[in-house]
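Colleague: Protein chains in written order, with the working numbering: chain S, 1 to 164; chain E, 165 to 548.
The beta-carbon is built from N, C-alpha and C at its ideal position, and this holds for glycine as well.
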Amino acid sequence: MTDQPTIRILLVDDEETLLEFLSKRLLKQGYTVKATFSGEEAVKVAKDEQFDVAVVDLKMPGIDGVETQKRLRQMQPFLQCIVLTGHGSIETALESGQQEAFQYLLKPVDYDNLIISIQKAYDKKMKLQYQEFKEKVAEISTSGMGAHGIKKAIGELHKIYGIE
Amino acid sequence: MESNNSLQTELKRVKQELAGYRIELHQTRGYLQCILQSSEDIIFATEVDGMLISFSKGGEKVLGYTWEELAGRDIKDLAENPLLFQEFISSSLQGGVTTHLDLPFRHKEGGSIYCNVTLINLTNREGQRVGTVGVCRDITLWKKLQEDLVRIDRLAEIGRLAAGVAHEINNPLAIIGEASGWAGAVIDDAEGLTPEDRSELEKAVKGISEQTKRCRNITHQLLDFARRSAPEKTEFDVHTLLKESVGFLKSEVKHTSIEIDFDFMPGPLLMHSDPRLLEQVFVNFITNAIHAINKDGKNKGRIEIQTRRTDSKVEISFTDNGIGIPPENQQKIFELFYTTKPPGKGTGLGLPICQNIIKKIGGEISFHSEVGVGTSFTISIPLS
Chain S
1 MTDQPTIRIL LVDDEETLLE FLSKRLLKQG YTVKATFSGE EAVKVAKDEQ FDVAVVDLKM
61 PGIDGVETQK RLRQMQPFLQ CIVLTGHGSI ETALESGQQE AFQYLLKPVD YDNLIISIQK
121 AYDKKMKLQY QEFKEKVAEI STSGMGAHGI KKAIGELHKI YGIE
Chain E
165 MESNNSLQTE LKRVKQELAG YRIELHQTRG YLQCILQSSE DIIFATEVDG MLISFSKGGE
225 KVLGYTWEEL AGRDIKDLAE NPLLFQEFIS SSLQGGVTTH LDLPFRHKEG GSIYCNVTLI
285 NLTNREGQRV GTVGVCRDIT LWKKLQEDLV RIDRLAEIGR LAAGVAHEIN NPLAIIGEAS
345 GWAGAVIDDA EGLTPEDRSE LEKAVKGISE QTKRCRNITH QLLDFARRSA PEKTEFDVHT
405 LLKESVGFLK SEVKHTSIEI DFDFMPGPLL MHSDPRLLEQ VFVNFITNAI HAINKDGKNK
465 GRIEIQTRRT DSKVEISFTD NGIGIPPENQ QKIFELFYTT KPPGKGTGLG LPICQNIIKK
525 IGGEISFHSE VGVGTSFTIS IPLS
């Protein structure tokens, strides 16, 4: 884990005890973790902080997992969401046409499987992000701006997409 | 002369009357005959002692006997429970009223025929009882449908209950899993533990993790029963999964002489599918094989599990030398609720669920069976 940038994970679940242990394990493995206990809290936190992957429980009081991930992605379009569901609700989630989640996992989720999913979600996020960065760069280069303008615009893009 | 004349007239009148009665009698007999020949019900008449004197064509068909086989026999011997039937007849006779009851008869070839039985006292002109008439309608199919409905209802209810409980247990189970995972991580880093203590703690934490996984499998299977979820896809080794499935059934095989042989392709056989669903199928097929052998009472039971791989598919077959499936039952084995086990022992759900699962992951089931030789089931599933 040491030679890669740390993955920033947002956890959303109303089971506080579960998140307590899950965060501790993830932190110990070198991830950056933020635990939130409701969809509302997660949305609030995501206004100020950037994340790579969100792990969201489907069934929560207040706004549910599907709605939470929708709002999170409105703010951070590249954020990948893993939705944890009780049995049977996978179909419910899929049937409602809200398939924007990176993956649906059955609860209780196996820790090793969760780590694999988080890693894959992160890879996807980076790929998408880099792709769009490249497109934007190409756009700017052909926009007819002066050399100085281009340099400045690309510098902005670096900041927006978090690419050094 | 005159009295002679009136006598003649009287005789003529009587003769005419008699002819009228004869016609009437003929018509009535024809009418009765028609009913007895064409009704699908069992319509019978007996002497006072229960000896059969008439039996309808429909009755012959329903119970599988011919009239020649039945003439002179006691009606109660056709009932599944002759004593009960006798009691029923006696009680119906006392009040002299018509009585109804549902009772099973026995088919000539075996098997129960449930009938709704109506008994009527046959009396002569003096009002004395001379016999009994019975009309019995075959309600076997109706009865079976009714039982199936009750069973489906009960299963659905059990499913709902199980799903509810499993759902509630899943959350604490998740916490136990994470807590034990965290404990394991802490132990890894802990200083000042003696090697013995460390190994004891590691063992304990591993035990908690493994048992949590086991519980999770159970809750998922229960939830599966209530509602089938979409298959998951992971890579796994079929050979390991097969061996694990056999491992689950150790206790079933323990006190029998059944040998389970693996005829596997060399090396691991990796595929991309849903191992949890497949495991359920494997366990079901192996269980069926064990039952087929136990039923046969063979001293040397043998189950062979074979794997083969083609370009895009994996074929797994389970072959037993058990009792075999008679040809007439081979079509029924995938029917919901079809079972040859006694009530309460088999649900008749195993194979339909297996078929459902295999269909879901894009595979096929085929089988070959011979009575007294054994049965071989083959499932063929896409590699990914």
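Would you call the CB atoms of R25 of chain S and E342 of chain E closer than 8 Å?
Modeller: Taking 8 Å as the Cβ cut-off, R25 of chain S and E342 of chain E qualify as a contacting pair.
Colleague: Could you work out which residue in E:E224, E:F269 and E:H532 is closest to P246 of chain E when comparing CA atoms only?
Modeller: With distances taken between Cα atoms, P246 of chain E lies closest to E:F269.
Colleague: Grab me the residues of D238 of chain E's own chain with a C-beta within less than 7 Å of its C-beta, minus the 5 sequence neighbours each way, in chain order.
Modeller: Excluding residues within five positions, the ones whose Cβ falls inside 7 Å are G214 and M215.
Colleague: For K34 of chain S, which residues does DSSP report across the bridge?
Modeller: For K34 of chain S, which the question treats as bridged, DSSP gives the partners S:L10.
Colleague: Taking I469 of chain E as the reference, which of E:L405, E:Q495 and E:L441 has the closest Cα?
Modeller: Out of E:L405, E:Q495 and E:L441, E:L405 has the C-alpha closest to the C-alpha of I469 of chain E.
Colleague: Touching or not, the stretch 58-66 of chain S and the stretch 39-49 of chain S, by the rule of three or more beta carbon pairs under 8 Å?
Modeller: Touching, yes, given that three or more Cβ pairs across the two stretches are closer than 8 Å.
Colleague: Helix, strand or coil for R237 of chain E per DSSP?
Modeller: DSSP places R237 of chain E in coil when its eight states are reduced to three.
Colleague: How would you list, in chain order, the residues of chain E whose beta-carbon sits under 9 Å from the beta-carbon of G62 of chain S?
Modeller: Ordered by position in chain E, no residue passes the 9 Å Cβ test against G62 of chain S, which lies about 17 Å from the chain.
Colleague: Quick one: is P77 of chain S buried, meaning 16 or more other Cβ sit within 10 Å of its Cβ, or exposed?
Modeller: The residue in question, P77 of chain S, is exposed, as its Cβ has fewer than 16 Cβ neighbours within 10 Å.
Colleague: By how many angstroms is the C-alpha of I150 of chain S removed from the C-alpha of S141 of chain S?
Modeller: S141 of chain S and I150 of chain S: Cα-Cα distance of roughly 7 Å.
Colleague: Any beta carbon of chain S sitting closer than 8 Å to that of G508 of chain E?
Modeller: Legend: pLDDT at G508 of chain E = 49, less than 50; position of this residue unreliable, value from coordinates given subsequently. Taking Cβ atoms only, chain S never reaches closer than 8 Å to G508 of chain E, which makes this a no.
Colleague: How many Å lie between W231 of chain E and R293 of chain E at the Cα?
Modeller: Whole-angstrom Cα-Cα distance: 24 Å.
Colleague: Can you list, in chain order, the residues of the stretch 61-81 of chain S whose Cβ is nearer than 9 Å to any Cβ on chain E?
Modeller: Flagged: no residues at all.
Colleague: Determine the burial state of K527 of chain E: buried for a count of at least 16 other Cβ atoms within 10 Å of its Cβ, exposed for fewer.
Modeller: This sequence places Gly at residue 527 of chain E; Lys is not what is there. G527 of chain E should be labelled buried.
Colleague: What residues of chain E sit near F21 of chain S, judged by a beta carbon separation below 8 Å?
Modeller: Per Cβ cutoff of 8 Å: I339, E342, A343, G345 and W346.
Colleague: Judging by CA-CA distance, which residue of E:D401, E:A368 and E:A338 is the nearest neighbour of K377 of chain E?
Modeller: When each option's Cα is compared against that of K377 of chain E, the closest is E:A338.
Colleague: Taking the alpha carbon of E435 of chain E as the reference point, which residue from E:G222, E:T471, E:Q197 and E:G223 has its own alpha carbon closest?
Modeller: The question names Glu, yet the displayed sequence has Met at residue 435 of chain E. The shortest Cα separation from M435 of chain E among E:G222, E:T471, E:Q197 and E:G223 belongs to E:T471.
Colleague: Exposed or buried, what is V537 of chain E when buried is set at 16 or more other beta-carbons lying within 10 Å of its beta-carbon?
Modeller: V537 of chain E is exposed by the Cβ-count criterion.
Colleague: Is there a Cβ from chain S that is less than 8 Å from the Cβ of N117 of chain E?
Modeller: This structure cannot speak to residue 117 of chain E, because chain E is shown only from 165 to 548.
Colleague: Verify the CB distance criterion: does G166 of chain S have a CB-CB separation below 8 Å to chain E?
Modeller: It is not possible to answer for residue 166 of chain S, since the shown part of chain S is limited to 1 through 164.
Colleague: Tell me the DSSP secondary structure of R289 of chain E in three-state form.
Modeller: R289 of chain E falls in the coil class under three-state DSSP.
Colleague: For E479 of chain E and I497 of chain E, I'd like the C-alpha separation in whole angstroms.
Modeller: Their backbone Cα atoms lie some 21 Å apart in a straight line.
Colleague: Between A349 of chain E and chain S, is there a C-beta pair that is closer than 8 Å?
Modeller: True, the Cβ-Cβ gap to chain S drops below 8 Å.
Colleague: Where G431 of chain E and D425 of chain E are concerned, what is the direct C-alpha to C-alpha distance, given to the nearest angstrom?
Modeller: The straight-line gap from Cα to Cα measures roughly 16 Å.
Colleague: Just to confirm the assignment: which complete alpha helix (DSSP H) runs, minimum length 4, are found wholly within the stretch 304-367 of chain E?
Modeller: For the stretch 304-367 of chain E, whole alpha helix (DSSP H) runs of length 4 or above, ordered along the chain, are 304-353.
Colleague: I need the DSSP call for S96 of chain S, collapsed to helix, strand or coil.
Modeller: At S96 of chain S the pLDDT is 47, less than 50, meaning the model places this residue with poor confidence; the figure from the coordinates comes in the next sentence. Coil.
Colleague: Counting only beta-carbon atoms, is G324 of chain E nearer than 8 Å to chain S?
Modeller: The residue asked about is misnamed: residue 324 of chain E is Arg in this sequence, not Gly. No, R324 of chain E does not count as interfacial toward chain S.
Colleague: Compare the beta carbon distance of H384 of chain E and L106 of chain S with 8 Å and say whether it is the shorter of the two.
Modeller: Taking 8 Å as the Cβ cut-off, H384 of chain E and L106 of chain S qualify as a contacting pair.
Colleague: Alpha carbons only, please: which of S:K47, S:L84 and S:D52 is nearest the one belonging to R71 of chain S?
Modeller: For R71 of chain S, the nearest C-alpha among the options comes from S:K47.
Colleague: In the DSSP output, what is F119 of chain E paired with across the bridge?
Modeller: It is not possible to answer for residue 119 of chain E, since the shown part of chain E is limited to 165 through 548.
Colleague: So with Cβ pairs under 8 Å, would you call G86 of chain S a contact of chain E?
Modeller: With 8 Å as the cut-off, G86 of chain S counts as an interface residue toward chain E.
Colleague: With 8 Å as the threshold, decide whether the Cβ of E95 of chain S is near any Cβ in chain E.
Modeller: Note on E95 of chain S: pLDDT 48, under 50, position unreliable in the model; the coordinate value appears next. So, not an interface residue.
Colleague: Distance check for F37 of chain S and V447 of chain E, CA to CA, integer angstroms please.
Modeller: Using only the alpha carbons, I get a separation of about 40 Å.
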